[in-house]
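Right, one structure below, let's go through it.
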Amino acid sequence: MQKEKKAKDNFYAKVYALVRKIPEGKVSTYGAIAEKIGTKLSARMVGYALSQCVGTDVPAHRVVNRFGALTGKHHFGPPDLMKRLLQDEGITFNADETVKMERHFYDFKRQRRRR
DNA sequence: CGATTGACGTTAA
DNA sequence: TTTAACGCCAATC
1 MQKEKKAKDN FYAKVYALVR KIPEGKVSTY GAIAEKIGTK LSARMVGYAL SQCVGTDVPA
61 HRVVNRFGAL TGKHHFGPPD LMKRLLQDEG ITFNADETVK MERHFYDFKR QRRRR
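Going by our numbering, the letters in the first sequence line up with residues 1 to 115, in that order.
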């Protein structure tokens, strides 16, 4: 029985699941993930959850803020690691270490649309 | 249990 | 235009 464990427990699981399914060469935003999870009012939690995901199967480096800025690069250890990982996956940057969202933004709602 | 923080986002001044 | 504060939700201290 045990009814479904509170959805709250799924919060992290949801974040991880979504981020984990981000294809390489693509990036997503906290707001988009938060919205997909259902707590779009708390994009902060998404980032917070991701901070715990470093060291797991979740490619947190593919998650950036709305501006495409690598807000959490400092959580990866080396400050340039995040940018390096993204570039290594084929992601391009603008001038200020910001991901070209127009090119690499992964829309969870639009994932059906094949390129 | 209470207060603070946190990889954001949005609106106001 | 730029800067500041608020709001949200959950986790951590």
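Note that beta-carbon positions come from the ideal geometry of N, C-alpha and C, so glycine has one too.
About 14 Å separates the CB atoms of His104 and Met82; that is not less than 8 Å, and the two are not in contact.
In this structure, DSSP gives Ala32 a helical state, which the three-state scheme calls helix. By the criterion of a C-beta distance shorter than 6 Å, Gly31 is surrounded in its chain by Ala43 and Arg66, once the five residues flanking it on both sides are discounted.
Phe11 carries a helical assignment under DSSP once its states are collapsed to helix, strand and coil. Listed in chain order, the non-local C-beta contacts of Val46 below 6 Å within the same chain comprise Val15, Tyr30, Ile33 and Ala34, local neighbours out to five positions each way being set aside. Bridge pairing for Val63: Ser28 [DSSP]. When secondary structure is reduced to three states using DSSP, Ala95 falls in the coil class, being assigned neither helix nor strand. About 18 Å separates the beta carbons of Gly72 and Lys100, which is beyond the 8 Å limit, so they are not a contact pair.
DSSP places Glu102 in the uninterrupted alpha helix (DSSP H) bounded by Met101 to His104.
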